[in-house]
Amino acid sequence: MSTALRSLTPRGRLSFDAPLGPRAWFRTGGNAEALFVPKDAQDLAETLAALPSGTPVTVLGACSNVIIRDGGIEGLVVRLAGGFADIVIEPDGLIAGAAALDMIVAEQAANAGLAGLEFLAGIPGSIGGAVVMNAGAYGSDMNAVLDWAEVLLPDQTIARLSNEALAFTYRHAVLPEGAIVLRARLNARPGDASAIRAHIAEIKAAREASQPARARTGGSTFRNPEGHKAWQLIDEAGCRGLMQGGAQVSEKHCNFLLNLGEATSSDLEALGDEVRRRVQEHSGIALHWEIKRLGKLP
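For the sequence shown, the residue numbers in the working numbering are -10 to 287.
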């Protein structure tokens, strides 16, 4: 264990050799060398400033779209919680903290009679990750609704980046290297609360019907190649139901991997790579991971 990490004295919670598997939607993965839950943005900035140069820093959100490798994550793992999940309603939108769950943001917008954010009800995860990945579903994405995002820069200053500055593309935003999303402002329009809630219910039902929402899984495994649907390419390559150890390609939706109960992160990653190999061989199309793989191999 790094002596430098042991010497940190943040106001938030700091633990060592902390299990990460229970936090991940896949329920797999090793431990964090050090896990830090900051009290507020100032605590986060001061603690990062106290780290020796070169210390790895990894930010985890809801862990819905990650495979945490079995060897764990070196350095400092930051998990935003508490006040980082605050949501402030405004007449034509809202400001959501990076730790606010997408589903909760959609529901609070509906309760306030704000339309245009219903799509978030179909995205597992939190707002910080949604910004970084330009998360989208059901006909919209973050690019369509984000006004600005506030980020903590490596020099411990906070910058407000406009939609244009983030240069959104499919499942990607351009952020300064080492920047950590703190909160985001999303625009919306006044609407009928009951109609908005009904739309959210439709999205939830559609997700439940088409995805293995109740299984130990992550979000979509691979990006959709331009002009193609990843699930269809996977199905056509004969990978529906394919297994590796305790991991399986979902039979309900081929672009989801499942932990059947005893899978390791290595099983999941190996299965994903085998799917990529078979799709490339069958169609000549390369699939690119949408799920982030973090940490050390065992």
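A virtual CB, placed ideally from N, CA and C, is assigned to each residue, including glycine.
Note that this is a predicted model, so its numbers are computed, not measured.
Own chain, CB closer than 6 Å to residue i, minus 5 neighbours either side, in chain order
i: Ala204; result: Leu247
i: Leu231; result: Val238
i: Pro113; result: Ser53 and Gly208
i: Leu164; result: none
i: Leu69; result: Ala87 and Ala88
i: Tyr127; result: Phe108, Gly111 and Ile192
i: Lys28; result: Arg0 and Gly1
i: Asp59; result: Gly19, Thr253, Ser254, Ser255 and Pro287
i: Leu24; result: Ser4, Ala7 and Val66
i: Ile78; result: Ala101
i: Ser272; result: Leu222
i: Arg90; result: Position check: residue 90 holds Leu in this sequence, whereas Arg was assumed. Within the same chain, Leu90 has close Cβ partners Ser115.
i: Asp130; result: Asn123
Burial state of residue i (16 or more Cβ within 10 Å)
i: Arg(-5); result: exposed
i: Asp81; result: exposed
i: Leu265; result: Checking the displayed sequence, the identity of residue 265 turns out to be Arg instead of Leu. Buried: at least 16 other Cβ atoms inside 10 Å.
i: Glu107; result: buried
i: Asn100; result: exposed
i: His242; result: buried
i: Arg149; result: exposed
i: Pro11; result: exposed
i: Asp262; result: exposed
i: Thr210; result: buried
i: Thr47; result: buried
i: Ala(-7); result: exposed
i: Thr146; result: exposed
i: Glu240; result: exposed
i: Ala187; result: exposed
i: Glu258; result: buried
i: Ser115; result: buried
i: Asp144; result: exposed
Endpoints, beta strand (DSSP E) assigned at residue i
i: Glu280; result: Reading the sequence as shown, one finds Ile at residue 280 and not Glu. Note, Ile280: premise wrong, no beta strand (DSSP E); not H, not E.
i: Arg2; result: Arg2 to Pro8
i: Asp75; result: Looking at the DSSP string, Asp75 is not in any beta strand (DSSP E), and its letter there is neither H nor E.
i: Leu135; result: Leu135 to Leu141
i: Ile112; result: Note, Ile112: premise wrong, no beta strand (DSSP E); not H, not E.
Span of the alpha helix (DSSP H) around residue i
i: Leu93; result: Going by the sequence as given, residue 93 is Ile instead of Leu. Asp91 to Asn100 is the extent of the alpha helix (DSSP H) around Ile93.
i: Glu22; result: Where Glu22 is concerned, there is no enclosing alpha helix (DSSP H), although the beta strand (DSSP E) it sits in stretches over Asn20 to Val26.
i: Thr47; result: Per DSSP, Thr47 belongs to no alpha helix (DSSP H); it is in the beta strand (DSSP E), Val46 to Leu49.
i: Glu63; result: Looking at the DSSP string, Glu63 is not in any alpha helix (DSSP H); the run it does join, the beta strand (DSSP E), is Ile62 to Arg68.
i: Ala88; result: Element bounds for Ala88: n/a, residue is neither H nor E.
Contacting residues, own chain, Cβ-Cβ under 8 Å from residue i (five flanking each side not counted)
i: Asp6; result: Met(-10), Asn20, Ala21 and Glu22
i: Asn152; result: Asn132, Leu135, Asp136 and Trp137
i: Gly102; result: Pro179, Gly180, Asp181, Ala182 and Ile185
i: Gly235; result: Asn248, Leu249, Gly250, Glu251, Ala252, Thr253 and Asp256
i: Ile189; result: Ala95, Glu96, Ala99, Glu107 and Ala110
Own chain residues within Cβ distance below 7 Å of residue i, not counting five before or after
i: Ala13; result: Cys52, Val55 and Ile57
i: Asn244; result: Ser209, Thr210, Phe211, Ala219, Trp220 and Ile223
i: Val268; result: Leu222, Ile223, Ala226, Ile274 and Leu276
i: Ala34; result: Leu141 and Gln145
Count the C-beta pairs between the stretch 22 to 41 and the stretch -6 to 4 that are closer than 8 Å, then say yes if the count reaches three, no if not. yes
For the stretch 175 to 188 against the stretch 204 to 222, do three or more pairs of beta-carbon atoms, one drawn from each stretch, fall closer than 8 Å, so that the two count as touching? no
Inter-stretch contact at 8 Å, needing at least 3 Cβ pairs: the stretch 119 to 137 / the stretch 158 to 175: yes
Hey, which unbroken runs of the beta strand (DSSP E) at 3 residues or more fall wholly within the stretch 151 to 220? 169 to 176
Would you say the stretch 138 to 152 touches the stretch 58 to 67, given that touching needs at least three Cβ pairs under 8 Å? no
Which full runs of the alpha helix (DSSP H) of 4+ residues lie inside the stretch 211 to 266, going along the chain? 219 to 225
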